[in-house]
Amino acid sequence: MYVPFENLPGESRIWIYQSNRKFSEEEFSEIEADLKTFIEGWAAHGTSLEASYELKYNRFIILAVNQDVQAATGCSIDSSVEFIQSLEKKYNVDLLDKMNVTFKLGEHIAHKPLIDFKKMVKDKSVSENTIVFNNLVNNIEEYNESWEVPAADSWHSRFF
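Using the numbering used here, the first residue of the sequence shown is number 7, and each one after it goes up by one.
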């Protein structure tokens with residue numbers, strides 16, 4: 007069952023998928039429609055999940071589930087991954103590779119393989135103050151507080 011993202015409690019579980027490229031406005035509109043349809047039918051053991059999504063920067067898809075109503079189970083999580091894989095095929099993008107880093111360069115959102123990001127650190131092209139997207143956050147509260155943070159305050163700090 008779809009609920010507005012802002013109506014979910016802070017402890018709601020989230021999954022963040024980052025695209026290796028920016029989506030067009032048209033693609034993002036289609037993805038939003040597909041997400042609403044998916045979430046309306048998303049269930050765990052036959053029970054609807056109270057869930058939502060957020061789309062950010064024409065690059066990120068954030069899924070959220072209120073675990074207090076019904077916890078996401080292995081099968082329901084698998085179905086969300088299958089849905090994300092279908093988007094990968096439809097738009098020829100990579101949404102599941104966790105070995106990439108997305109960060110801000112001024113107003114621009116950059117996406118690099120981890121090895122390239124490490125090289126940028128070494129070359130001082132990015133610093134501990136570079137805003138990175140910490141996609142390892144687990145719930146909405148962490149997402150709101152710790153998703154866009156200076157590299158020094160995230161798991162990326164190990165590279166400096």
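Don't be surprised by glycine CBs; every beta carbon is placed ideally from N, CA and C. Here the structure is a predicted model, which means the values were calculated and not measured.
*Going along the chain, which residues of its own chain have a beta-carbon closer than 6 angstroms to the beta-carbon of K28, five neighbours each way excluded?*
N64 and R65
*What residues are listed by DSSP as bridge partners for N13?*
None; N13 has no bridge partner.
*Hey, out of P15, L102 and S86, whose CA is closest to E148's CA?*
P15
*So, do the stretch 52 to 62 and the stretch 76 to 88 have three or more beta carbon pairs nearer to each other than 8 angstroms?*
yes
*So, helix, strand or coil for T136, using DSSP?*
coil
_Suppose you measure from the CA of E33 to the CA of Y97; what does that come to, to the nearest Å?_
8 angstroms
*Inspect the beta-carbon positions of N145 and I45 and report whether they are closer than 8 angstroms.*
no
*C-alpha gap between E38 and I67, whole angstroms*: 9 angstroms
*Give the range of the beta strand (DSSP E) segment to which A116 is assigned.*
H114 to P119
*Alpha carbon of V155 to alpha carbon of E60, nearest angstrom*: 18 angstroms
_So the candidates are F165, V71, T136 and T108; which of them puts its Cα closest to the Cα of K125?_
F165
*Could you check how far apart the C-beta atoms of S152 and N140 are, in whole angstroms? I think they sit under 8 angstroms.*
6 angstroms
*Whose CA, out of E88, S30, N135 and I121, lies closest to the CA of G194?*
This structure does not reach residue 194, given that the chain is present from 7 up to 166, and the question cannot be answered.
*Fully enclosed by the stretch 75 to 132, which alpha helix (DSSP H) runs are 4 residues long or longer?*
80 to 97 and 120 to 128
*Over the uninterrupted beta strand (DSSP E) stretch that includes Y59, give me the two end residues.*
A57 to K62
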